[in-house]
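Asks: I'd like to ask you about the structure that follows.
In the working numbering, the protein residues as written are 2 to 117.
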């Protein structure tokens, strides 16, 4: 039986670390990597400062261009938290130990980033 995307995301979230944008941006940012896994056009339309854009579709192949430290704190965000959750699962499977999916609307990420 096929799963719906909401069912898959719900299942994935039981096996990953999640956080809110507010909590993610309370931590020291110099030691953390913020990755926007939205598509480039989405980022162009509504960017998040101090966040790098690596679309979810190429994240696994590109992550080592940004960090090879398995202990690096990585925060993933997208438009609603769904793609970030799926991306967090993949980075965890690759061996990264400190990966969080920011699960909230994109506007909350923008607001939290501006307050940090």
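Just so you know, even glycine gets a beta-carbon here, dropped at the ideal spot from N, CA and C.
(1) What residue range is occupied by the uninterrupted alpha helix (DSSP H) comprising residue 42?
(2) Output yes or no for whether 9 Å exceeds the beta carbon distance between residue 22 and residue 103.
(3) Alpha carbon to alpha carbon, how far is residue 27 from residue 60? Give it in angstroms, no decimals.
(4) Assuming residue 44 contacts residue 55 (C-beta within less than 8 Å), just tell me the rounded distance between them.
(5) Are the beta-carbon atoms belonging to residue 83 and residue 36 less than 9 Å from one another?
(6) May I have the straight-line CA-CA distance separating residue 90 from residue 32, to the nearest angstrom?
(7) How far does the beta strand (DSSP E) with residue 99 in it reach, from first residue to last?
Replies: In terms of the structure at hand:
(1) What you label residue 42 is simply residue 41 of the chain shown in a count that begins at 1. From DSSP, the alpha helix (DSSP H) with residue 42 extends over 41 to 46.
(2) By one-based count along the chain shown, residue 22 stands at place 21. By one-based count along the chain shown, residue 103 stands at place 102. The beta carbons of residue 22 and residue 103 sit closer together than 9 Å.
(3) Within the chain shown, the letter at position 59 stands for residue 60. Within the chain shown, the letter at position 26 stands for residue 27. Here the alpha carbons of residue 27 and residue 60 stand approximately 25 Å from one another.
(4) Here residue 44 refers to the residue found at position 43 when the chain shown is read from its first residue. Here residue 55 refers to the residue found at position 54 when the chain shown is read from its first residue. About 10 Å separates the two Cβ atoms, so there is no contact after all.
(5) On the chain shown, residue 83 is found 82 positions in, with the first residue counted as 1. On the chain shown, residue 36 is found 35 positions in, with the first residue counted as 1. No, they are not a contact pair.
(6) As a first step, residue 90 is located in the chain shown; it is residue number 89 there, counting from the start. As a first step, residue 32 is located in the chain shown; it is residue number 31 there, counting from the start. In this structure, the alpha-carbon of residue 90 lies about 21 Å from that of residue 32.
(7) Position 98 of the chain shown, counted from the start, is the residue given in the question as residue 99. Membership of residue 99 in the beta strand (DSSP E) is indicated by the continuous run 99 to 103.
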